[in-house]
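Structure record follows, encoded as structure tokens.
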Amino acid sequence: MARLLQLSKGLTCHQLKILSRHQNPISCSIKVKCDALKHVRHLQTRLLQSKIIRTNGGHAQLIQCPPSLCILRNIHITSATRAPWFLPLLPLFKGFLLKVTAVLTGRRFRQWRMKQPPEMQAKILRYKIAVFAILGIVLGSLSLLFYETHLQEAPLTGRKRFITLLPEQVKKIADFNTEMMMENLQGKILPESDGRYKLVDTVLRRLQKSNADFPGINDIPWKIRIVDANEVNAFVYPNGAIFVMTGLLNFVHNEDEFAIVLGHELSHALMSHTAEELSMVQLWDWFVFVLLAAIWCILPNDGLALVAHWYYERVIDVGFQKPFSRDIEREADYAGLYLASRACYDVRESAVLWSNMQVFEDMAGEKRTAEFLSTHPSHDSRVKYFQELIPKAVEERVKCHCPPLPAEDPRLRAAMVRRISNEVLVSRATNANVNAIQRTKHTAKYVPTYRPAPK
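So that you can map any letter, position 174 of the sequence shown is 174 in UniProt numbering, and since no number is skipped, the others follow by simple counting.
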């Protein structure tokens with residue numbers, strides 16, 4: 001981090017511009033470096049404001065990164081608020097009841113079987129395995145038929161998705177969660193007269209106007225709420241409730257970056273991702289019931305059944321649920337970039353946004369999570385994905401008769417920021433290793449050494 005402060009105290013942008021007048025061949029790179037230094041200072045200021053680092057005698061010291069900070073990858077259409085069991089979140093409650101019923105039923109049958117004579121136990125076990133196999137085949141066939149008859153086509157992408165919930169049901173759930181969120185955020189909602197509210201409203205109206213033919217975008221009653229919080233986060237409920245944290249507005253570098261985020265969030269609501277996720281949970285609950293009942297019925301004791309149950313939950317989570325969530329996030333990225341391109345925003349800022357987010361988290365000392373263990377794609381994966389989508393998005397801007405993009409590619413600035421941050425991280429790691437070696441030297445004299453006993 002000391003390296004970051006040295007870089008920030010180096011040449012000023014004015015000095016770099018003066019130098020560029022005399023060094024024409026490198027004027028372009030000088031300008032890029034100047035913008036990069038500006039952005040590094042911006043990131044440093046955000047860290048200081050968030051009380052993540054503090055300066056002491058010209059040195060930066062890491063204090064702590066709050067769990068609620070640096071979580072732009074957690075942007076999605078649900079919130080951390082948990083609804084009481086007796087209110088509209090019935091699909092989740094039904095799944096819990098099915099799991100408990102399956103465990104108790106299977107365990108009860110196993111206890112009854114273990115009380116029988118050995119010959120009868122073997123017959124009962126073979127009989128139950130056959131019953132579970134037949135039940136699985138029948139349930140699988142009915143589920144497949146039910147799945148095929150409830151497929152809908154997603155707008156824009158044309159992807160087939162499984163939805164059983166009615167729009168009215170989803171709206172009731174969203175209305176309840178919005179009320180709960182408003183209660184939790186009392187005193188933190190900024191008035192509509194705030195300049196940041198006007199910024200969000202301007203971007204929203206521009207996205208709506210430019211994508212008026214997108215299904216549902218003018219049918220949902222969008223309502224903006226600006227939350228005074230340091231979280232780099234935003235989310236949109238299916239009923240049109242938009243929550244934007246001031247931490248996100250302070251983090252984004254320009255209006256184009258924010259348009260990418262808001263387009264992503266609007267896409268979750270427009271693509272009915274909440275209804276799809278809840279519908280998939282309902283469908284999978286019936287498979288869970290049969291499999292858990294079989295585990296607790298067939299395995300000989302509670303210990304093995306508990307281990308198998310835990311392993312089964314992890315496999316389902318990592319192998320099915322998290323990949324499904326990541327696919328939905330990528331679809332929202334695709335649709336959000338489409339909305340922003342038709343609104344004539346600089347779509348190249350999409351890659352810049354996620355690159356800067358990775359830099360921000362690295363500088364804050366946050367550990368990276370393996371992508372296969374996350375519900376969202378990693379920042380680096382998103383950068384690569386947007387890099388693939390940008391050429392098509394630029395073509396969409398041309399079709400919409402948008403003005404030409406600026407000659408300077410903002411991705412050059414992001415690359416410079418990433419390079420500077422990597423130097424800082426290497427310097428930080430090197431200093432940590434040196435300190436560890438010095439501590440080892442100081443303590444070495446207290447370590448007893450082996451000496452052979454005198455003969």
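Using N, Cα and C, we set each Cβ at its ideal position, and we do this for glycine too.
Do the CB positions of residue i and residue j come within less than 8 angstroms of each other?
{"i": "serine 267", "j": "alanine 335", "result": "yes"}
{"i": "isoleucine 220", "j": "alanine 269", "result": "yes"}
{"i": "leucine 339", "j": "glycine 263", "result": "yes"}
{"i": "arginine 418", "j": "serine 350", "result": "no"}
{"i": "alanine 407", "j": "leucine 207", "result": "no"}
{"i": "leucine 353", "j": "isoleucine 420", "result": "no"}
{"i": "proline 155", "j": "phenylalanine 251", "result": "no"}
{"i": "leucine 151", "j": "phenylalanine 162", "result": "yes"}
{"i": "leucine 299", "j": "alanine 293", "result": "no"}
{"i": "histidine 309", "j": "isoleucine 295", "result": "yes"}
{"i": "aspartate 362", "j": "leucine 425", "result": "yes"}
{"i": "proline 410", "j": "arginine 348", "result": "yes"}
{"i": "arginine 196", "j": "leucine 139", "result": "no"}
{"i": "phenylalanine 243", "j": "methionine 180", "result": "no"}
Let me know if residue i comes out buried or exposed under the rule of 16 or more other beta-carbons within 10 Å of its beta-carbon.
{"i": "serine 193", "result": "exposed"}
{"i": "isoleucine 224", "result": "buried"}
{"i": "leucine 165", "result": "buried"}
{"i": "proline 377", "result": "buried"}
{"i": "serine 141", "result": "exposed"}
{"i": "tyrosine 311", "result": "exposed"}
{"i": "histidine 401", "result": "exposed"}
{"i": "methionine 271", "result": "buried"}
{"i": "alanine 436", "result": "exposed"}
{"i": "leucine 87", "result": "Confidence at leucine 87 is low in this model, with a pLDDT of 45, below 50, so its placement is unreliable and the value that follows should be read with caution. Burial call: exposed."}
{"i": "glutamate 257", "result": "buried"}
{"i": "methionine 120", "result": "exposed"}
{"i": "proline 191", "result": "exposed"}
{"i": "alanine 393", "result": "buried"}
{"i": "aspartate 317", "result": "exposed"}
{"i": "threonine 202", "result": "exposed"}
{"i": "lysine 171", "result": "buried"}
{"i": "phenylalanine 96", "result": "exposed"}
{"i": "alanine 122", "result": "exposed"}
{"i": "glutamate 265", "result": "buried"}
{"i": "tyrosine 127", "result": "exposed"}
{"i": "glycine 247", "result": "buried"}
{"i": "cysteine 65", "result": "Because cysteine 65 sits at a pLDDT of 39, beneath the cut-off of 50, its placement in the model cannot be relied upon, and the point is left open."}
For residue i, which of helix, strand or coil comes out of DSSP?
{"i": "lysine 367", "result": "coil"}
{"i": "phenylalanine 162", "result": "strand"}
{"i": "glutamine 111", "result": "helix"}
{"i": "threonine 12", "result": "Confidence is the limiting factor: at threonine 12 the pLDDT is only 40, short of 50, which leaves the residue's position unreliable and the question unanswerable from this model."}
{"i": "isoleucine 224", "result": "strand"}
{"i": "leucine 151", "result": "strand"}
{"i": "isoleucine 393", "result": "What sits at residue 393 in the sequence shown is alanine, not isoleucine. Correct three-state label for alanine 393: helix."}
{"i": "phenylalanine 214", "result": "coil"}
{"i": "methionine 271", "result": "coil"}
{"i": "asparagine 435", "result": "helix"}
{"i": "valine 236", "result": "strand"}
{"i": "valine 100", "result": "helix"}
{"i": "valine 347", "result": "coil"}
{"i": "leucine 244", "result": "In the sequence as presented, leucine is not what sits at residue 244; that position holds valine. Here valine 244 sits in strand by DSSP."}
By how many angstroms is the C-alpha of residue j removed from the C-alpha of residue i?
{"i": "glutamate 329", "j": "methionine 114", "result": "48 angstroms"}
{"i": "glutamate 255", "j": "serine 381", "result": "23 angstroms"}
{"i": "valine 398", "j": "aspartate 228", "result": "37 angstroms"}
{"i": "tryptophan 222", "j": "tyrosine 345", "result": "21 angstroms"}
{"i": "serine 325", "j": "valine 281", "result": "12 angstroms"}
{"i": "leucine 373", "j": "leucine 278", "result": "20 angstroms"}
{"i": "glutamate 153", "j": "arginine 159", "result": "6 angstroms"}
{"i": "alanine 364", "j": "phenylalanine 146", "result": "48 angstroms"}
{"i": "lysine 322", "j": "glutamate 395", "result": "32 angstroms"}
{"i": "leucine 37", "j": "glutamine 186", "result": "Note that leucine 37 has pLDDT 49, beneath the 50 cutoff, so the model's placement of it is unreliable and the number below is only indicative. Approximately 38 angstroms, taken between the alpha carbons."}
{"i": "glutamate 276", "j": "phenylalanine 235", "result": "17 angstroms"}
{"i": "leucine 204", "j": "leucine 389", "result": "22 angstroms"}
{"i": "alanine 332", "j": "isoleucine 137", "result": "35 angstroms"}
{"i": "threonine 375", "j": "glutamate 313", "result": "15 angstroms"}
{"i": "proline 238", "j": "isoleucine 217", "result": "11 angstroms"}
{"i": "threonine 430", "j": "lysine 209", "result": "52 angstroms"}
{"i": "alanine 130", "j": "isoleucine 124", "result": "10 angstroms"}
{"i": "threonine 178", "j": "serine 427", "result": "45 angstroms"}
{"i": "phenylalanine 320", "j": "alanine 370", "result": "16 angstroms"}
{"i": "valine 307", "j": "leucine 283", "result": "24 angstroms"}
Can a CB atom of chain D be found closer than 8 angstroms to the CB of residue i?
{"i": "glutamate 119", "result": "No chain D is part of this structure, which consists of one protein chain only."}
At a cut-off of 7 angstroms, would you count residue i as near the ligand GTP, judging by its Cβ distance to the nearest heavy atom?
{"i": "aspartate 219", "result": "Here there are no bound small molecules, and the ligand GTP is not part of this structure."}
**Any 3 or more C-beta pairs closer than 8 angstroms across the stretch 97-112 and the stretch 285-302** = yes
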